[in-house]
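Residue numbers (UniProt numbering), protein chains in the order written: chain A, 1 to 460; chain F, 1 to 460.
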C-alpha cells in the first residue's frame, strides 16, 4: 500500500480525479490478456510527458515501481504490476497529432488505437501496415513497446520497421526525443529501435513518429485447402521461390480446421488438412497476374479446393474463416496456453509435425495457425486446468515446443514478447553473455529498477 | 608505443604474420576517406571471433584502445585510431557463409565487400538493396556499423532494415549472438538494431544475417532536366503524392550541373538548373505504366528535357551523369568538406535555397546532389585550405547549414555517421538527456572504454 503522502503528491501532479486507489480500479488494472492478476497499489492516468516525468522522478525518489500500460491486450503479462506500485495508464494520451501527406509520416500519442490510425490514414490514400489481431482495441504505444506483428508482416515488416522517432520519458524522468521525421538518420545510437520491443522497461513512450506508405490500389484474397500440411508448406515455398511476396500467407492446420468445422457453419471438406489464406495487394493488373501465377504454382501440391474472392464481400467471408478460429477454440477446452513461436519458414512442416507428436504423446489438443509466410506459428495448447495434471502437461508441452523451435533456428516469440510468461524460458534461447549485456543496459538506464521491474529476463 | 610483451601476446593470438608495427602498415591504416591521419601503434588482422575475443580481453586488461575497421571508406573518421592502440582490420573475415534461397537470407562475415554479396545473390534471382556509393570496395561490416544508405533507400530502406541477426564480440570480449534468422523475433532487447549504426563503439561484428528480397523483374531509368530546383522538388512531391515510390529519386542542383558540364563531355543544356534521375523497378508492365504516370506528373513543372532509357545501356549512360559528379567536383577546388544532411523531403527546396544563400554570403562554391526521395542531400563545400581564411569559412558554412537543417526538422547525418568529424556538432542536434542516456549505454557495455574510444559524442 502507498502512504497517503505519496497519493497526495500524485494528485498534485495529475489532478485528484486522475489517480485512484479504489479496489474496483485496482482490480480492473490488475490483469491483461494472459488473465494473470497482480494488483497495483494505485492507478494513475497522466495526460502528458511532463506529468509522467514528474511521476517517475517521484517514483525514483520513493522507490515505487511503475508499470506503463495501454489497452492491456498483451499476451505475455508485459504490463502486469507484479510488484504492485503504480499502474501508469496511457489511454488519455490519445491524439493523432498530425498526418503529413507530403512526407508520408504520422505523429501520434501512445494511446491511439491502432485501427483508428489506420482508418485516418486510409481516408487520405495512405497505409499503416502493421496489423496485430488486437488492432481494434490495442494501442500504438503498446504495439511499439511489444513490436507488434500481424498477417501483413510477411510483405510489409513489423512495427519496428515503421517507427522513425519517439518522445520518451526515461526511467529517471528525463524527456528525450529519439530518431526524427526523416527516413534516414545516423546521429548517435539508434535508441528508437532499442526502445521498440523493450516492453516498457527502458522508457515510457509519449509520442511516436510513424512512417506511412501509399495505400495499395487493390487486393485479391484466395483461400486454398490442402490435403496435408506439407502441401501447404510446399505452397509457401513455391510462392516465395516464384519471387512473389504476398501481403499475407496465413495458415491453419488440421486441428484448427476440425475446430472451425465443429463450431461454425463454415463448410470445410473432410479431406482438407491445411488451409492457406493468400492475399496479394498492389496494382490491380499486377495482382491478377500474381494470383494466376500463385494458383498455378500451388495446384500440383495436393489442393482439395480453391476459393478466389471475386469482390470485397467474398474477401471478407474468407477472412471470416480465419477470425472464427479463436472463438471456436474456446469450445475445445476451457484453458488456453497461447505461444507464438517463429521458425525459418522452410522449417514450418517439420515444426508442425513435432508439435503434433508432442500433442499425441501428452494427449492434449494443440491448435496451430498463424503466419506461414514468416514462419510465425500461434500454438494453442488447450487444457482444462481444473483437471489434475493438465496444467503440468501444458507446461511440459511448452518446454518441448520451445526446445524444438530453437533447434530449428527459431525463436520462442515472434510478436508477443517475453513479459512474465516467457521469462523463465529465456536461458533456453539467449546465452548468458547476451543476457548480461541486456541487463547492463537496463541497469545503466534504470539504476533504481523503477520502470516495469521484474519483466523480461530482468528478474530481481 | 606498445611494449614488446604486448606484441608477443598478440602474435600468440593471431599468429606472427598477422600483426605489424612496421611504419608502412601503421601509415596505411592511419586514415579513412576523411583523409585525417591518426597512426595506430600496431595493426592486427584477426581471422575469427575467438581471436577477436582474446584480443579484446587482453586490451581490457592492459588498457589498450582497439579500433575495428573494414575498408576504411568512411566519411566521418569512424575507424580512425585517434588514441593509437590497435587497428583491428576485419578484411580476413570475408566469407559469404551461406545464401538460403528458401528463407531469403544470407549469412556473411563482416569483411565481405557489399557488391560481392549483391552479385552472388543476384545470380540466384535475389536482391540485397542497400547501395552506398562505396559498394565496390566498402565492406558489409562497415555498412552495418555505419548503417549505410544509398540511392535505392527511398523505396527499399537502409542497411538496418536488412540486418536480422549478428554475431558480436562485446567490448569486454564475450561472443554473443543477437537476433536470428527469422523475420520476426521479440525475445529480449533488440541488440541487433542497437549495434547497427553504433560505429564500432559497442561491439565488433563478426557475422551478419541479412534479409534478401526477390530480384525485381525489370527496371526503367529516366533523366529529367528542370529549369529550377523548385520544379525538381515539386516533381518529387508529385510522384510521391501520385502514390508511386520509385527505386531512386536522385537529384543534382544547378552548381552540380555546371560542374559536370565544365568537366565532362556530357551535353546538358544551359537552361537546366536541376536534374532528377528517376528509376522504377518491378513487374515490367507495371513499371512502363509507372514511368508514363511519372512523366505526366512532372511535365508541367518546368521540364527542359527528358531522357527515358530504352535499354540497359542507356540506363547505364544516365547513371554515368550521376557518377561523373564526384570526379568533376575535384576540379572546382582542391579541398572538399562533404556533409550528408537529411531533411523531410518536402523541405528540400527550402534547404537548397538556404545553402545557396550561405554559399553567396561566404563566397565559396557549394555543390549539392543526393537522394531527393528521402531528403538526404550531399553538401560539398569546396575550398582551397591553402588560401588563408578558407577553412574557417568552410567551418562557418557547415555550422550554418547544420543549424538550418535542424530548424527544418532534419538531421546532420543521413548515412555517414558521426565519427570524429561531426562529434563537435552533436549538442546542436541531441539534447543533453539523450546524450546522457547514450553515454550510459556505452559506459555499461564498455566500462574500460576500450572499443573505439573518442568517437561519436562519447568524448573522453
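The C-beta atom is built at its ideal place from N, Cα and C for all residues, glycine as well. The model shown is predicted, which means the values in this text are computed figures rather than measured ones.
Round the Cβ separation of residue 333 (chain F) and residue 383 (chain F) to the nearest angstrom and send it over; I've been treating them as touching at under 8 Å. Stepping through the second chain from its first residue, residue 333 (chain F) is reached at position 333. Stepping through the second chain from its first residue, residue 383 (chain F) is reached at position 383. With a Cβ gap of about 5 Å, residue 333 (chain F) and residue 383 (chain F) count as contacting.
Measure the CB-CB distance between residue 187 (chain A) and residue 412 (chain F) and report whether it falls below 8 Å. Here residue 187 (chain A) is taken as the residue at index 187 of the first chain, counted from 1. Here residue 412 (chain F) is taken as the residue at index 412 of the second chain, counted from 1. Yes, the Cβ-Cβ distance between residue 187 (chain A) and residue 412 (chain F) is below 8 Å.
Going by other Cβ atoms of all chains shown within 10 Å of its Cβ, with 16 needed for buried, is residue 17 (chain F) buried or exposed? Reading the second chain from its first residue, position 17 is the one you call residue 17 (chain F). When all chains shown are included, residue 17 (chain F) counts as exposed.
Between which two residues does the beta strand (DSSP E) carrying residue 222 (chain A) extend? Here residue 222 (chain A) refers to the residue found at position 222 of the first chain. Its beta strand (DSSP E) spans residues 218-226.
Chain A residues whose Cβ lies nearer than 8 Å to that of residue 413 (chain F): Residue 413 (chain F) sits at position 413 when you count from the first residue of the second chain. Under the 8 Å cutoff, chain A gives 185, 186 and 187.
Quick one: using the 10 Å Cβ neighbour count with 16 as the cut-off for buried, is residue 380 (chain A) buried or exposed? Locating residue 380 (chain A) in the first chain gives position 380, counting from the first residue. Buried: at least 16 other Cβ atoms inside 10 Å.
When you compare the CB of residue 293 (chain A) with every CB in chain F, is at least one pair closer than 8 Å? The sequence position of residue 293 (chain A) within the first chain is 293, counting from 1. Chain F contact via Cβ: absent.
Collapsed DSSP secondary structure at residue 137 (chain A) in the structure displayed: The count along the first chain starts at 1 and reaches residue 137 (chain A) at position 137. Residue state, collapsed to three classes: coil.
Below 8 Å on the Cβ atoms is my guess for residue 228 (chain A) versus residue 302 (chain A); work out the distance and round it to an integer in Å. As a working note, residue 228 (chain A) is residue 228 in the first chain. As a working note, residue 302 (chain A) is residue 302 in the first chain. The Cβ separation is near 6 Å, so the contact holds.
Contacting residues, own chain, Cβ-Cβ under 6 Å from residue 469 (chain F) (five flanking each side not counted): Nothing can be reported for residue 469 (chain F), as the shown portion of chain F is limited to 1 through 460.
What is the DSSP secondary structure of residue 4 (chain A), reduced to helix, strand or coil? Counting from one through the first chain, the residue named residue 4 (chain A) turns up at place 4. Helix at residue 4 (chain A).
Would you report the Cα separation of residue 92 (chain A) and residue 282 (chain A), rounded to the nearest angstrom? Counted from its first residue, the first chain places residue 92 (chain A) at position 92. Counted from its first residue, the first chain places residue 282 (chain A) at position 282. When rounded, the distance between both Cα atoms is 36 Å.
Assuming contact is defined by CB atoms lying nearer than 8 Å, are residue 277 (chain A) and residue 323 (chain A) in contact in what I supplied? Counting from one through the first chain, the residue named residue 277 (chain A) turns up at place 277. Counting from one through the first chain, the residue named residue 323 (chain A) turns up at place 323. Going by C-beta atoms, residue 277 (chain A) is not nearer than 8 Å to residue 323 (chain A).
Can you pull out the residues from the segment 391-425 of chain F whose beta carbon lies closer than 8 Å to at least one beta carbon of chain A? 409, 410, 411, 412, 413, 414, 415, 416, 417, 418 and 422
Give me the Cα-Cα distance between residue 36 (chain F) and residue 77 (chain F), rounded to the nearest whole angstrom. Here residue 36 (chain F) corresponds to residue number 36 of the second chain, with the count starting at 1. Here residue 77 (chain F) corresponds to residue number 77 of the second chain, with the count starting at 1. In a straight line, the C-alpha of residue 36 (chain F) is about 7 Å away from that of residue 77 (chain F).
Near residue 244 (chain F), what residues of its chain come up, given a Cβ to Cβ distance below 8 Å and the 5 sequence neighbours on each side ignored? As a working mapping, residue 244 (chain F) is identified with position 244 in the second chain. Same-chain partners within the cutoff: 280, 290, 293 and 294.
Beta-carbon proximity check, residue 145 (chain A) vs residue 205 (chain A), cutoff 8 Å: As a position in the first chain, residue 145 (chain A) is number 145, starting the count at 1. As a position in the first chain, residue 205 (chain A) is number 205, starting the count at 1. Yes; because the gap between Cβ atoms is below 8 Å, this pair is in contact.
With a threshold of 8 Å between beta carbons, is residue 196 (chain F) in contact with chain A? For this step, residue 196 (chain F) is matched to residue 196 along the second chain. Answer yes: the Cβ-Cβ gap between residue 196 (chain F) and chain A drops below 8 Å somewhere.
Across which residues does DSSP place residue 13 (chain F) in a beta bridge pair? Here residue 13 (chain F) refers to the residue found at position 13 of the second chain. In the DSSP output, where bridge partners are listed per residue, residue 13 (chain F) has none listed.
Secondary structure of residue 410 (chain A), DSSP reduced to three states: The residue given as residue 410 (chain A) occupies position 410 in the first chain. Looking at residue 410 (chain A) - three-state DSSP - the assignment turns out to be coil, as it is neither helix nor strand.
Euclidean distance between Cα positions of residue 182 (chain F) and residue 409 (chain A): Mapped onto the second chain, residue 182 (chain F) falls at position 182. Mapped onto the first chain, residue 409 (chain A) falls at position 409. Going from the Cα of residue 182 (chain F) to the Cα of residue 409 (chain A) covers about 8 Å.
Cα-Cα, which of A:452, A:223, A:175 and A:102 is closest to residue 348 (chain F)? Working through the second chain from its first residue, we reach residue 348 (chain F) at position 348. Of A:452, A:223, A:175 and A:102, the residue nearest in Cα terms is A:102.
Let me know if residue 191 (chain A) comes out buried or exposed under the rule of 16 or more other beta-carbons within 10 Å of its beta-carbon. As a first step, residue 191 (chain A) must be located in the first chain, where it is residue number 191. By the 10 Å Cβ count, residue 191 (chain A) comes out buried.
For residue 224 (chain A), the nearest candidate out of A:250, A:189, A:265 and A:52 (CA to CA): The count along the first chain starts at 1 and reaches residue 224 (chain A) at position 224. Selected option, being the one with the closest Cα: A:250.
Could you tell me whether any Cβ in chain A is nearer than 8 Å to the Cβ of residue 56 (chain F)? As a first step, residue 56 (chain F) is located in the second chain; it is residue number 56 there, counting from the start. No, because no Cβ of chain A sits closer than 8 Å to the Cβ of residue 56 (chain F).
Chain A contacts made by the segment 243-263 of chain F, where a contact means CB separation under 7 Å: 243 and 245
Within 10 Å of its beta-carbon, does residue 427 (chain F) have 16 or more other beta-carbons around it, so buried, or fewer, so exposed? Counting from 1 along the second chain, the entry for residue 427 (chain F) is found at position 427. Exposed.
Taking only beta-carbon atoms, is residue 326 (chain F) less than 8 Å away from chain A? Here residue 326 (chain F) is taken as the residue at index 326 of the second chain, counted from 1. No, no contact with chain A.
For residue 201 (chain F) and residue 56 (chain F), what's the separation of their Cα atoms in angstroms? As a first step, residue 201 (chain F) must be located in the second chain, where it is residue number 201. As a first step, residue 56 (chain F) must be located in the second chain, where it is residue number 56. Approximately 13 Å, taken between the alpha carbons.
What residues in its chain sit with their C-beta under 6 Å from that of residue 134 (chain A), if we drop five residues either side in the sequence? Taking the first residue of the first chain as 1, we reach residue 134 (chain A) at position 134. These residues qualify, in order along the chain: 73.
Applying a beta-carbon distance threshold of less than 8 Å, which residues of chain A neighbour residue 147 (chain F)? In the second chain, the residue the question calls residue 147 (chain F) occupies position 147. The contacting residues are 186 and 190.
Is the segment 207-214 of chain F touching the segment 162-170 of chain F in the sense that three or more CB pairs, one from each, lie closer than 8 Å? yes
Identify every run of the beta strand (DSSP E) within the segment 247-310 of chain A, keeping only runs that are complete inside it and at least 3 residues long; order them along the chain. 248-253, 274-282 and 303-308
If contact means a Cβ-Cβ distance below 7 Å, which residues of the segment 324-349 of chain F contact chain A? 342, 343, 344, 345 and 346
Could you pull out every unbroken beta strand (DSSP E) segment of at least 3 residues lying fully inside the segment 50-90 of chain A, listed in chain order? 66-69 and 86-89
Same chain, Cβ closer than 7 Å to residue 60 (chain F), neighbours up to 5 away in sequence not counted: To locate residue 60 (chain F), count along the second chain from 1; it is residue 60. So the qualifying residues of the chain are 172, 173, 448 and 450.
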